[in-house]
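K.L.:
Shown below is the structure under consideration.
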Amino acid sequence: MTWSIRRVSERPPSSLSPMRFAPLVERVAGKGVGTWVTHTQARLLIESGVDVILLTVGNPDQKPAATMIDTTVAALRAGRTLHAPTIGYPKLRAAIASRSERRSGRACAAENVAVVPGAQGGLFSALSCIAGAGDEVIVPEPIYATYEGVVGATGTTMVTVPLDPARGFPPDLAALEAAITPRTRVIWINTPHNPTGAVFTAAEMEAIAALCRAHDLWLLSDEVYEDLAFARPHVGAWSLPDMAERTAVVSSLSKAHAVPAYRLGWVIGPPDLIRHISNLLLSVTYGGPAFLQDGALAALSGDLPEVAALHEDYRRRAVLMCRLLAEALHCRVVPPEGGMFIMLDIRPSGLSADAFAHGLLDSERVAVLPCDGFGASAEGYLRISLGAPDDRIREAGERIVRYAQRLAQRPL
Ligand code: PMP
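To get this note's numbering, take the position in the sequence shown, counting from 1, and add 70.
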């Protein structure tokens, strides 16, 4: 028998025979993808031993509640490593439903809940099931940087409505209404808002709901920072009257429970939507890990003191950082009403957000995120995470002020 052998190294270089990819790959590679460049550079510096204060992404520095971790570990040891139901165990779905009912005052049952891989997976699953090619999705802007990719993946068209920085980025209801066309299917909001820190008021939420009812739209509400509202209580979309059949609320354990790597979130919505999400996830994840769901059940069955403590940490750090940054020349700090971030308007410095962030990383070893990838209204702003211990926050604030002073003294 003769063998025809061709070694792998003899394959033609891929540049000579490029394979084609689906149009989707372009749609998920929007501007948002570039947002994380400073973060990646800072991580590389840290890995090479440089002491960088990393305030780029929303990674909480607090320890997760012991009860959640202990339950997760015990579940792993007990062999809870087999396939789990596609949208979560009935017990966990019921616990998430009664938590939502407690908070919103509106009926919520297990059939209203899908357990999904993080809020990110929830946003992707929910939007994929409520809108598609040819549909328009209205999103107040700045937008969280991953939204663009989600919209791209679904083939929908994003219509952005700017939030006004001068007024603290509240939703502009007249502009939202003016953006509605016969093709609009969804209004997608985020409260507390990333990156601006705005917490929408009850009146704003009710007005947005009224728009959805009047124009027969879905309300997709990203409430991943629901436990981190400082200026006023968080008003969740599930609490809004006559909205249950057109509302999808997305949240997760990531932020307030300090476990972003659990990838455990949920969608709350009408049972039909939950069934569609179940079908979608069957072809994507085939269900989430049972041991993480056990940990989540321990976390979500009651109100953990660790969550209240974490809320207090972020409120206190926001006050501290705002006080420090008030001294930064040619910068304007936007005090957040909630969430894990502070926006700093550095346009008066004459630098782009990118140049400012790179200079700050180079000379002061503080990594923050340029906001340009969050939309046109956020251009020239930096987003500063509060996910570091107070002494590091203080140190970072002082270094940012020092850098801003140096910039202000440079010859133009
Ligand atoms: N929405 C917003 C506004 C976020 O800030 C984040 C995380 N940074 C997510 C969704 C995704 O959260 P998760 O980790 O639960 O996927």
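In this text, a Cβ means the ideal position worked out from N, Cα and C, and glycines have one as well.
On a predicted model such as this, the values are computed, not experimentally measured, just so you know.
Using only the heavy atoms of the ligand SAH, determine whether one of them is closer than 7 angstroms to the beta carbon of Ser322.
P.N.:
Annotation note on the ligand SAH: not contained in the displayed structure, which lists the ligand PMP as its ligands.
K.L.:
Under the DSSP definition of a beta bridge, which residues are partnered with Asn260?
P.N.:
In DSSP, Asn260 forms a bridge with Asp292.
K.L.:
Could you round the C-beta distance between Ile213 and Thr230 to whole angstroms and report it? I think they count as a contact, below 8 angstroms.
P.N.:
The pair is a contact, with the Cβ atoms about 7 angstroms apart (cut-off 8 angstroms).
K.L.:
Are there any heavy atoms of the ligand PMP lying less than 7 angstroms away from the beta-carbon of Asp234, as far as the coordinates show?
P.N.:
For the ligand PMP, not one heavy atom lies less than 7 angstroms from the Cβ of Asp234.
K.L.:
If you run the structure through DSSP and keep just helix, strand and coil, what is Asp242?
P.N.:
Coil at Asp242, not helix or strand.
K.L.:
Taking DSSP as the reference, what is the three-state secondary structure of Ala378?
P.N.:
Helix at Ala378.
K.L.:
Closest to His285 by C-alpha separation, out of His304, Ala268 and Ile257, would be which residue?
P.N.:
Of His304, Ala268 and Ile257, the residue nearest in Cα terms is Ile257.
K.L.:
Would you kindly check if the distance between the Cβ of Ser455 and the Cβ of Gly410 is under 8 angstroms?
P.N.:
According to the sequence provided, residue 410 is Met. The question's Gly does not apply to it. Yes.
K.L.:
Is the separation between the beta-carbon of Ala272 and that of Glu407 shorter than 8 angstroms?
P.N.:
No, the pair does not count as a contact, with Cβ atoms beyond the cut-off.
K.L.:
Go ahead and pull the three-state DSSP assignment for Tyr473.
P.N.:
In this structure, Tyr473 counts as helix in the three-state DSSP scheme.
K.L.:
By DSSP, does Ser321 sit in helix, in strand, or in coil?
P.N.:
It is a strand residue.
K.L.:
Exposed or buried, Ser433, counting other C-beta atoms within 10 Å across all chains shown (16 or more means buried)?
P.N.:
By the 10 Å Cβ count, Ser433 comes out exposed.
K.L.:
Is Tyr214 near the ligand PMP, judged by its Cβ being under 7 angstroms from some heavy atom?
P.N.:
Indeed, a heavy atom of the ligand PMP lies less than 7 angstroms from the Cβ.
K.L.:
Return yes when at least one heavy atom of the ligand PMP lies under 7 angstroms from the C-beta of Gln190, else no.
P.N.:
Yes, the ligand PMP has a heavy atom inside 7 angstroms of this Cβ.
K.L.:
Suppose the cutoff is 7 angstroms on Cβ atoms and the five residues either side in sequence are ignored; what does the same chain contact list for Gly204 look like?
P.N.:
Within the same chain, Gly204 has close Cβ partners Arg253.
K.L.:
I'd like the list of long-range same chain contacts for Arg417, defined as Cβ closer than 7 angstroms, with 5 residues on each side in sequence excluded.
P.N.:
Excluding positions up to five away in sequence, the list reads Gly450.
K.L.:
Decide if the segment 457 to 469 is in contact with the segment 380 to 393; the criterion is three or more beta carbon pairs, one per stretch, under 8 angstroms apart.
P.N.:
The segment 457 to 469 vs the segment 380 to 393: in contact.
K.L.:
Can you give me the C-alpha to C-alpha distance between Val95 and Gly219, rounded to a whole angstrom?
P.N.:
Taking the straight line joining both Cα atoms gives about 10 angstroms.
K.L.:
Taking only three categories from DSSP, how would you classify Asp415?
P.N.:
Note: Asp415 maps to strand in three-state DSSP.
K.L.:
Per DSSP, Ile208 forms a beta bridge with which residues?
P.N.:
Ile208 is bridged to Val229 and Ile257.
K.L.:
May I ask which residues mark the beginning and end of the alpha helix (DSSP H) holding Arg173?
P.N.:
Unbroken alpha helix (DSSP H) run through Arg173: Pro160 to Ser174.
K.L.:
Output the boundary residues of the beta strand (DSSP E) element that contains Tyr451.
P.N.:
Here the beta strand (DSSP E) through Tyr451 covers Tyr451 to Ser455.
K.L.:
Assuming Ala165 contacts Leu370 under a Cβ cut-off of 8 angstroms, what Cβ separation, rounded to an integer in Å, is found between them?
P.N.:
About 5 angstroms; that satisfies the 8 angstroms criterion.
K.L.:
What does the Cβ neighbour count give for Ser79, buried or exposed, with the cut at 16 atoms within 10 Å?
P.N.:
The predicted model places Ser79 with a pLDDT of 49, which falls under 50 and marks its position as unreliable; any figure quoted below should be read in that light. When all chains shown are included, Ser79 counts as exposed.
K.L.:
DSSP puts Ala184 in a beta bridge; with which residues?
P.N.:
Beta-bridge pairing links Ala184 to Val337.
K.L.:
Would you call the segment 104 to 119 in contact with the segment 316 to 333, where contact means no fewer than 3 C-beta pairs closer than 8 angstroms?
P.N.:
Too few Cβ pairs lie closer than 8 angstroms, so no.
K.L.:
Just list the residues that DSSP pairs Val404 with in beta bridges.
P.N.:
DSSP output for Val404 lists Met413 as bridge partner(s).
K.L.:
Step through the CB atoms of chain D and report whether any lies within less than 8 angstroms of the CB of Leu323.
P.N.:
Within the model displayed, chain D is absent; a lone protein chain is all it includes.
K.L.:
In three-state DSSP terms, what is Ile344?
P.N.:
Reduced to three states, the DSSP call for Ile344 is helix.
K.L.:
Is it the case that the segment 312 to 319 contacts the segment 137 to 149, given that we only count it when at least three CB pairs across the two stretches are under 8 angstroms?
P.N.:
These segments do not touch.
K.L.:
What are the start and end residues of the alpha helix (DSSP H) that includes Phe426?
P.N.:
Phe426 -> alpha helix (DSSP H) spans Ala423 to Glu434.
K.L.:
Nearest to Leu152 by CA position, among Leu414, Ala360, Ala299 and Trp336, is which residue?
P.N.:
When only C-alpha atoms are compared, the closest one is Ala360.
K.L.:
Using only the alpha-carbon positions, how far apart do Ala478 and Ala215 sit?
P.N.:
The straight-line gap from Cα to Cα measures roughly 30 angstroms.
K.L.:
So what's Pro134 in DSSP terms, helix, strand or just coil?
P.N.:
Three-state result, Pro134: coil.
K.L.:
Following the continuous alpha helix (DSSP H) through Arg94, name the residue where it begins and the one where it ends.
P.N.:
According to the sequence displayed, residue 94 carries Leu and not Arg. That run of the alpha helix (DSSP H) goes Leu94 to Arg97.
K.L.:
Apply the 10 Å Cβ neighbour rule to Thr72 and answer buried if 16 or more other Cβ atoms are within range, or exposed otherwise.
P.N.:
For Thr72, the pLDDT reaches just 46, beneath the cut-off of 50, and the residue's location in the model is therefore unreliable, although a value from the coordinates is still provided. Burial call: exposed.
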